[in-house]
């Protein structure tokens, strides 16, 4: 189907209603706004791995909904058997993409809910899991709004903010992380303009960030990734805000490929480099960014654009989908529980415990 | 026409024979190898501005040939009138693209030849200008071979060399500048592998560098521009070599947009950053890179790929085609007269005077 069944002006790429999940196909934006309807966990798994939905918080939300679809369809009256089957469902979902920790975070939360309620009837368990998936969805958008309020004082009136990839409403349940901070600054009455890196190879900046900021009437200028340095050297960038796919205990940040380069450029030009992410992105189990698995995707994403051939046949390609920005390049990490900077090890631990 | 009329295994994008100029259409590579035949200066001017031919040395060569076409077609017996008309031809050609100085360098050389021979008959003048255009073409390829020999000792056996854009045979009369150094190292028996930035928006790296290195059996891996930093952080890049469109007296380098970013990344990772360019690229009339005019091209190059729409309608775009790398980020400049490093002001002056 090609229209979203729920009327709302706010951009929400995942709508979870009446036992179905409606998802905006982000691969087709901005040319087409196509919504798909899913009702099984296998469909959700495929939507995540093929990037119908993308963005760390959004794939966490999608996975939670997928887990509920899986739970709902388990046919057993044995709690033990139910949990065994539910773990299998979660294992399929968690394997769809390796880098963003929000995926496993959401699934762990669903499993924890199930495990804590195994004394309930299967019917109650299934209903409870539906509410848990709904809660994950709603909490994500609320977390982003809070994160935006914490972060917006960092943006001066008139600020020209560079962002990479899409850490917007489309990357979350709604409102966005990096773009959430920008939205909050605009709502606070500040004049903010955005410079959006197009973000090869998937072009999330050109296709998604430009699309959603244009929709919200926030001024946005599109550039190729390789132009950010030059604009910084001309004094045309006041700060950088990006999202994150996983943050290690020491503050190292995995985010969309190219983020590290932007961070190095920001350091060279003494420009603040902010990371905006919900607490669900923080992975205290990993000491440092070097331990974060980096997904390597199909080279065809680089050599072709749809059916258009951009490089010679048979050429060798590297296509890491993410990179690691060491914490020393990060000015501050903005979360829904406040801002962390300086001593990330202590600060992130404190903030996760508040959660 | 779609085949080159001159048989040769060497890649030479501009063939100047029998009063005609055959040009490989670089916009269509690697999918198609289409050759066009031109015989007027207006056709050459259009080929330069629409990027049928690109690359600083190559557009210098093309402009020289165009200037001769213009000269040949001037109908007068008055030397004074001839020179007036010839200056008009050169003015059209020099206006096609602003950043690469090789364009004006070649045209100045053609004008200087004409001016120095105004005592000759118009017939002799026209024949002389044809030989001058031929000389510019042949000297460019020879300069690149010499430049390659000067530069190749900088590449260790086994070196993994990152390059940006295409500073190859396709960007010159033949052999290439940055890729000339790589070819010379390979000819010297070294095992060299190349990492090619795809170089948005025109994708000269994906379409041209990958194509010509593959043709020469030099191992090449294609990446998106935003991946270079990550590969450097993993220790997978030993040095960087790029070409140049104009070098100011102080050693600041104008080159394809994104070069500056690569230079900042190289500095951050203590990786040598080399610029390879013929002396015709050096512009001693400009003190510093900030004086070099930077061409801003049509935003459609970023928002569309052929007919494919990559960004929302009406989005604001910046599209600077070049950037400036300050000399402090340049490890050495490799020319056909030797290598300059350290004191660029003195070194470049010395090398230009040798010319």
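Protein chains in written order, with this note's numbering: chain A, 952 to 1306; chain B, 952 to 1306.
From the three backbone atoms N, C-alpha and C, an ideal C-beta is built for every residue, glycine too.
Computed from a prediction, not measured in an experiment: that's the story for all the values here.
Nonlocal neighbours in the same chain, by C-beta distance under 7 Å from residue i, ignoring five residues either side
i, result
"residue 1303(B)", "1230, 1233 and 1235"
"residue 1085(B)", "967"
"residue 1117(B)", "1006, 1155, 1156, 1159 and 1160"
"residue 978(B)", "1002 and 1003"
"residue 1077(A)", "1022 and 1023"
"residue 1307(B)", "The structure shown does not extend to residue 1307(B), since chain B is modelled only from 952 through 1306, so no value can be given for it."
"residue 1271(B)", "1208, 1245 and 1247"
"residue 1019(A)", "1080, 1081 and 1084"
"residue 1237(A)", "1199, 1200 and 1243"
First through last residue of the alpha helix (DSSP H) which encompasses residue i
i, result
"residue 1305(A)", "1295 to 1305"
"residue 1181(A)", "1179 to 1184"
"residue 1023(B)", "1007 to 1023"
"residue 999(B)", "992 to 1000"
"residue 929(A)", "Only positions 952 to 1306 of chain A appear in this structure, which leaves residue 929(A) out of reach."
"residue 1324(B)", "Missing from the structure shown is residue 1324(B); chain B here goes from 952 to 1306 and no further."
Strand pairing of residue i, partner residues [DSSP]
i, result
"residue 1225(B)", "1192(B) and 1283(B)"
"residue 974(B)", "965(B) and 987(B)"
"residue 1255(A)", "1260(A)"
"residue 1147(B)", "1114(B) and 1173(B)"
"residue 1292(B)", "For residue 1292(B), which the question treats as bridged, DSSP gives no partner whatsoever."
"residue 1206(A)", "1274(A)"
"residue 1267(A)", "1172(B)"
"residue 1247(B)", "1271(B)"
"residue 1233(A)", "1198(A)"
Assumed close pair residue i, residue j - CB separation to whole angstroms, cut-off 8 Å
i, j, result
"residue 987(B)", "residue 1003(B)", "6 Å"
"residue 990(A)", "residue 970(A)", "7 Å"
"residue 1173(A)", "residue 1147(A)", "5 Å"
"residue 1152(A)", "residue 1287(A)", "Wrong, their Cβ atoms sit about 31 Å apart, outside the cutoff."
"residue 1177(B)", "residue 1180(A)", "Their Cβ separation, rounded to whole angstroms, is 11 Å, which puts residue 1177(B) and residue 1180(A) out of contact at 8 Å."
"residue 1100(A)", "residue 1263(B)", "28 Å between Cβ atoms; not a contact."
"residue 962(B)", "residue 1121(B)", "6 Å"
"residue 1129(A)", "residue 1198(A)", "14 Å between Cβ atoms; not a contact."
"residue 1073(A)", "residue 1028(A)", "6 Å"
"residue 1043(A)", "residue 992(A)", "7 Å"
"residue 1257(A)", "residue 1259(B)", "6 Å"
"residue 1132(A)", "residue 1092(A)", "No, residue 1132(A) and residue 1092(A) are not in contact; Cβ-Cβ is about 14 Å, not under 8 Å."
"residue 1134(B)", "residue 1108(B)", "No, residue 1134(B) and residue 1108(B) are not in contact; Cβ-Cβ is about 15 Å, not under 8 Å."
"residue 1196(B)", "residue 1051(B)", "4 Å"
Contacts around residue i, its chain only, beta-carbon distance under 8 Å, and the 5 residues preceding and following it disregarded
i, result
"residue 1275(A)", "1203, 1204, 1205, 1211, 1240, 1241, 1243 and 1245"
"residue 1048(A)", "999, 1000, 1010, 1054 and 1246"
"residue 1089(A)", "1124"
"residue 1300(A)", "1200 and 1235"
"residue 1249(B)", "1270"
First and last residue of the uninterrupted beta strand (DSSP E) at residue i
i, result
"residue 1240(B)", "Counting along the chain, residue 1240(B) falls outside any beta strand (DSSP E), and DSSP gives it neither H nor E."
"residue 1199(B)", "1197 to 1199"
Same chain only: Cβ atoms within 6 Å of residue i, ignoring 5 sequence neighbours per side
i, result
"residue 1220(A)", "1183"
"residue 1284(A)", "1226 and 1291"
"residue 1057(A)", "1011, 1014, 1015 and 1087"
"residue 1189(B)", "1110 and 1111"
"residue 1030(B)", "1069"
"residue 1162(B)", "980 and 981"
"residue 1025(B)", "1033 and 1036"
"residue 1214(B)", "1224, 1276 and 1280"
"residue 958(B)", "Caution is warranted here: a pLDDT of 48 is assigned to residue 958(B), below 50, making its placement in the model unreliable, and the coordinate value is therefore given only provisionally. Taken in chain order, the list of residues that qualify is empty."
"residue 1298(B)", "1291"
heavy atom of the ligand NAP below 6 Å from residue i C-beta
i, result
"residue 1076(A)", "For the ligand NAP, the structure offers nothing, since it holds no ligand at all."
Handout entry: Ranges of the alpha helix (DSSP H) found wholly within the region 1047 to 1130 of chain B, counting only runs of at least 4
Key = 1052 to 1067 and 1073 to 1102
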